[in-house]
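Trainee:
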Amino acid sequence: MGRDSAWWKEAVVYQIYPRSFYNSDADGIGDLRGIREKVDYLDELGVDVVWLNPVYDSPLVDGGYDVREYRSIHPDYGTMEDWEALRDELHERGIRLIMDMVTNHTSDEHEWFRKSRRGVDPYREYYWWVDGDPDSPPNNWESFFGGPAWSYDERREAWYLHLFDQKQPDLNWRNPAVREDIFEMLRWWLEKDCDGFRFDVINLISKPSALPDGDPDLTPRGREYFIDGPRVHEYVREMYDRVLSEYDIMTVGETSHITVEEARRFYEDGLDMVFTFQHLHIDRGDTGPWDFDDWDLDELRDATAAWQRGVSEQSWNSLFLGNHDQPRMVSRFGDEGRYRVESAKMLATYLFTLRGTPFVYQGDELGMTNPTFERLDEYRDEETIQQVMLALRSGGVSTFDQIREAVDFWSRDNARTPIPWSDERNAGFTDGEPWIKVCENYPEVNVERERDDEDSVLQYYRRLIDLRHSTPVMVYGRYAQLLDDHPEIYAYLRTPTDGSRSLLVVLNFFDGEPTFRLPNDVSYDRWEKLIGNYESASRDSIREFDLRPYEALVYVLE
Ligand code: TEU
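With our numbering as the guide, the letters of the sequence shown map in order to residues 112 to 669.
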């Protein structure tokens with residue numbers, strides 16, 4: 112495909128959750144003008160691409176992943192002129208802008224659905240409708256948000272499928288007219304000079320027409336049918352051939368529960384990258400959405416290695432440890448207390464030194480942590496609220512207090528608190544009342560403070576981003592794992608595809624002080640420290656040394 116080297120492989124992506132980035136007009140909600148006011152911040156950080164979470168017109172039942180109109184901007188975020196102005200400001204600084212594209216479903220308030228439910232042509236078959244008895248849904252499939260994936264529509268007197276909220280009906284991609292409309296809409300955005308897409312749940316768009324019952328032991332039920340469904344590659348390839356291939360853009364598909372083999376097929380279809388969640392499942396328990404488990408380094412290393420080996424050579428990886436749906440990476444894989452700064456930097460080193468394109472989720476560059484949610488009414492996320500209600504209703508738990516701690520850890524709202532710009536009121540995010548609580552550690556964790564502190568997490572990210580731009584082996588080098596089963600240290604080499612410099616990456620994932628021993632078969636003439644999260648200890652050799660808590664070290668070997 113001639114994609115050996117490409118701008119999107121060398122890029123660092125920054126994900127913006129607009130509702131929580133910066134509020135320009137004191138209504139408590141982040142907006143496009145707010146992002147525009149902070150474009151210099153992105154420029155200073157050095158990122159190459161912004162991925163913007165949905166800003167389309169929407170009833171906002173699911174943070175904008177319920178699109179009412181694809182070609183207009185929700186008034187909370189501004190206007191289309193604001194979007195264009197933001198695009199131009201970013202482009203002037205050489206930063207590209209990719210849009211979050213939700214094509215598996217729309218809002219039930221989208222014109223297509225409103226017409227479809229009334230049986231108006233050509234929209235009749237735009238969604239998954241099944242006639243039948245209002246008491247028994249067509250099959251046993253479950254929604255990702257909990258509860259049945261089917262709702263009965265009184266108006267049409269039929270069931271419709273929704274793999275997420277009942278206000279997010281699934282589009283029927285079997286219908287060529289649906290595909291045509293989606294493709295036309297994508298082209299519309301590309302003609303407006305957006306630089307690519309993050310495709311929401313792209314591996315869910317195909318379902319088997321027979322709609323068979325799912326295995327009752329799998330969650331959500333039916334997943335063996337709707338994840339990587341029968342025609343998914345045909346659809347993605349068609350989208351690529353008919354639209355995406357005509358533009359110089361970057362695409363990344365969100366594909367949960369995907370295997371390495373499937374990921375390669377998406378790459379062959381034309382997507383540049385996919386998001387795997389294998390490494391983010393290591394601490395999930397299996398008894399329900401609030402169950403979490405201890406994780407160990409072997410699991411993280413195995414999951415990472417499977418993708419480094421299986422995907423990055425033939426195709427290309429995305430690298431991330433968090434997004435708007437996940438707990439904060441420091442709270443989850445690092446130490447949000449005593450070693451917050453060290454562990455945030457260590458995790459960043461992991462992200463930036465693997466083979467693939469790093470995605471920085473807003474606030475991670477500050478070492479933001481999960482906030483503490485005490486009460487159910489502090490949550491804003493529909494998934495959180497629905498899952499809690501379901502647990503209470505089903506009798507699995509009798510009071511919210513019983514699951515309070517788990518919900519506090521897992522809720523998607525953890526990642527959705529406002530960016531702390533300063534230690535002023537509301538962390539300098541808004542002059543009004545913020546739509547969601549501000550994380551309580553903002554007096555310590557904020558942009559203003561970290562800008563002035565040479566040792567801050569923010570400055571460390573800036574250095575990593577710089578290095579990524581100036582060190583080709585960091586982007587293209589092969590992944591060669593060392594110490595295959597060390598319980599505390601994750602170490603690997605990045606070996607050049609040409610030239611002679613390799614990188615040695617040594618990461619201490621915990622708060623102990625283990626000894627690192629370089630395997631004898633790794634040879635070099637000279638070594639030099641590239642970056643690390645502690646003051647350098649003077650050292651005569653790198654053959655053997657002790658690590659400090661959460662220490663990260665990267666050496667250049669020649
Ligand atoms: O997320 C898809 C997805 O897999 C989520 O259900 C995820 O597993 C869950 O939220 C983790 O708690 C995408 C978007 O990123 C998410 O924000 C949307 O709610 C969802 O699609 C529906 O569009």
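Where a beta carbon is used, it is the ideal one built from N, C-alpha and C, also for glycine. Please read all numbers here as calculations on a predicted model, not as lab measurements.
1. Please report the straight-line C-alpha distance between Gln425 and Thr464, rounded to a whole angstrom.
2. Mind listing, in chain order, the continuous alpha helix (DSSP H) runs of no fewer than 4 residues lying wholly within the stretch 480-525?
3. Is Met112 helix, strand or coil when you go by DSSP?
4. Measuring alpha carbon to alpha carbon, tell me which residue in Glu669, Ser454, Arg650 and Pro186 is nearest Arg637.
5. Taking 8 Å as the limit between beta carbons, can you name the residues of its chain near Arg654, skipping five residues before and five after?
6. State whether the stretch 191-204 contacts the stretch 227-235, with contact taken as three or more CB pairs (one from each stretch) at a distance under 8 Å.
7. Residues in the same chain with beta-carbon distance under 7 Å from Ser423, minus the five sequence neighbours each way, listed in chain order, please.
8. Hey, would you say the C-beta of His435 is under 7 Å away from at least one heavy atom of the ligand TEU?
9. Would you please state the rounded distance, in angstroms, between the beta carbons of Asn525 and Pro438? I believe it to be under 8 Å.
10. Since I believe Ser522 is in contact with Thr495 (beta carbons under 8 Å), could you give me their beta-carbon distance rounded to a whole number of angstroms?
11. Candidates Pro327, Gly257 and Trp119: which alpha carbon is nearest Arg504's?
12. Say yes only if the C-beta of Gly174 is nearer than 7 Å to one or more non-hydrogen atoms of the ligand TEU, and no if none qualify.
13. Decide if Ser227 is buried, meaning its Cβ has at least 16 other Cβ atoms within 10 Å, or exposed.
14. Taking 7 Å as the cut-off, does the CB of Arg439 come closer than this to any heavy atom belonging to the ligand TEU?
15. Is there at least one non-hydrogen atom of the ligand TEU closer than 7 Å to the beta-carbon of Ser367?
16. Going by DSSP, name the residue or residues bridged to Phe627.
17. May I ask whether a heavy atom of the ligand TEU can be found less than 7 Å away from the beta carbon of Asp281?
18. The ligand TEU and Val124: does any heavy atom of the ligand fall closer than 7 Å to the residue's C-beta?
19. Suppose contacts are defined by Cβ-Cβ distances below 8 Å. Is Asn552 in contact with Pro545 by that definition?
20. Can you give me the Cβ contacts of Thr626 inside the same chain, cut-off strictly under 8 Å, excluding the 5 residues immediately before and after it?
21. Say the cut is 7 Å; is the CB of Arg394 nearer than that to a heavy atom of the ligand TEU?
22. Buried or exposed: which applies to Gly643, given that a residue is buried once 16 or more other Cβ atoms fall within 10 Å of its Cβ?
23. List, from N- to C-terminal side, the beta strand (DSSP E) runs of 3 residues or more that fit wholly inside the stretch 531-617.
24. Check whether the Cβ of Val518 lies closer than 7 Å to any heavy atom of the ligand TEU, and answer yes or no.
25. With contact counted as at least three CB pairs below 8 Å, one residue from each stretch, are the stretch 179-189 and the stretch 199-209 in contact?
26. Is DSSP giving Thr460 helix, strand or coil here?
27. For the stretch 384-392 against the stretch 498-512, are there 3 or more C-beta pairs whose distance is under 8 Å?
28. How big is the Cα-Cα spacing for Gly610 and Tyr587?
29. In this structure, how does DSSP classify Glu302 when only helix, strand and coil are distinguished?
30. Going by other Cβ atoms of all chains shown within 10 Å of its Cβ, with 16 needed for buried, is Gly325 buried or exposed?
31. Alpha carbons only, please: which of Tyr645, Trp406 and Asp632 is nearest the one belonging to Pro598?
32. When you compare the stretch 351-366 with the stretch 305-319, are there three or more beta-carbon pairs, one atom per stretch, that lie closer than 8 Å?
33. Using C-beta distances below 7 Å, list every residue in its chain close to Asp404, excluding the 5 sequence neighbours before and after it, in chain order.
34. Any heavy atom of the ligand TEU within a distance shorter than 7 Å of the CB on Asp311?
35. What three-state label does DSSP hand Ala137 in the structure shown?
Mentor: Quick look at the numbers:
1. CA-CA distance, Gln425 to Thr464, rounds to 18 Å.
2. Entirely contained in the stretch 480-525, the alpha helix (DSSP H) runs reaching 4 residues are, in chain order, 493-504 and 511-521.
3. Any reading at Met112 must be qualified, since the residue scores a pLDDT of 42, below 50, and its modelled position is unreliable; the value itself is stated next. The DSSP-derived three-state label of Met112 is coil.
4. Taking the Cα of Arg637 as reference, the smallest distance to any Cα among Glu669, Ser454, Arg650 and Pro186 is reached at Glu669.
5. Answer for Arg654: Arg628 and Leu629, listed in chain order.
6. Flag = no, the stretch 191-204 and the stretch 227-235 do not touch.
7. Within the same chain, Ser423 has close Cβ partners Arg466, Gly467 and Tyr590.
8. Using a cutoff of 7 Å, the CB of His435 counts as near the ligand TEU, since one of the ligand's heavy atoms is closer than that.
9. Rounded, the Cβ-Cβ distance is 5 Å, consistent with contact.
10. That belief holds up - the Cβ atoms of Thr495 and Ser522 are roughly 4 Å apart, short of 8 Å.
11. Closest option to Arg504, Cα to Cα, is Gly257.
12. Gly174 Cβ: within cutoff of the ligand TEU.
13. Taking a 10 Å sphere around the C-beta of Ser227, we find 16 or more other C-beta atoms and assign the residue as buried.
14. No, the ligand TEU has no heavy atom inside 7 Å of this Cβ.
15. At least one heavy atom of the ligand TEU is nearer than 7 Å to the Cβ of Ser367, so yes.
16. For Phe627, which the question treats as bridged, DSSP gives the partners Phe656.
17. Because no heavy atom of the ligand TEU lies under 7 Å away, the Cβ of Asp281 does not count as near it: no.
18. Not so, every heavy atom of the ligand TEU lies at least 7 Å from the Cβ.
19. Cβ atoms of Asn552 and Pro545: not closer than 8 Å.
20. Closer than 8 Å at the Cβ level, and outside the excluded window around Thr626, lie Glu655, Phe656, Asp657 and Leu658.
21. Before going further, note that residue 394 is Asp rather than Arg in the sequence given. Not one heavy atom of the ligand TEU is found less than 7 Å from the C-beta of Asp394.
22. So Gly643 ends up on the buried side.
23. Entirely contained in the stretch 531-617, the beta strand (DSSP E) runs reaching 3 residues are, in chain order, 589-593 and 600-606.
24. Answer for Val518: no, Cβ out of range of the ligand TEU.
25. With the cut-off at 8 Å, the stretch 179-189 and the stretch 199-209 do not touch.
26. It is helical.
27. Result no; under three Cβ-Cβ pairs closer than 8 Å.
28. If you take the alpha carbons of Gly610 and Tyr587, they lie about 12 Å apart.
29. Residue state for Glu302 is assigned as helix, using DSSP reduced to three classes.
30. Counting of Cβ neighbours within 10 angstroms places Gly325 among the buried residues, the total reaching 16 or more.
31. Taking only the C-alpha atoms, the option nearest Pro598 is Trp406.
32. Yes: the two stretches touch, three or more of their Cβ pairs being nearer than 8 Å.
33. Counting only residues of its own chain and dropping the five nearest sequence neighbours on each side, Asp404 has a CB closer than 7 Å to the CB of Asp394, Arg395 and Gly396.
34. The closest heavy atom of the ligand TEU lies less than 7 Å from the beta carbon of Asp311.
35. Ala137: coil per DSSP, three-state reduction.
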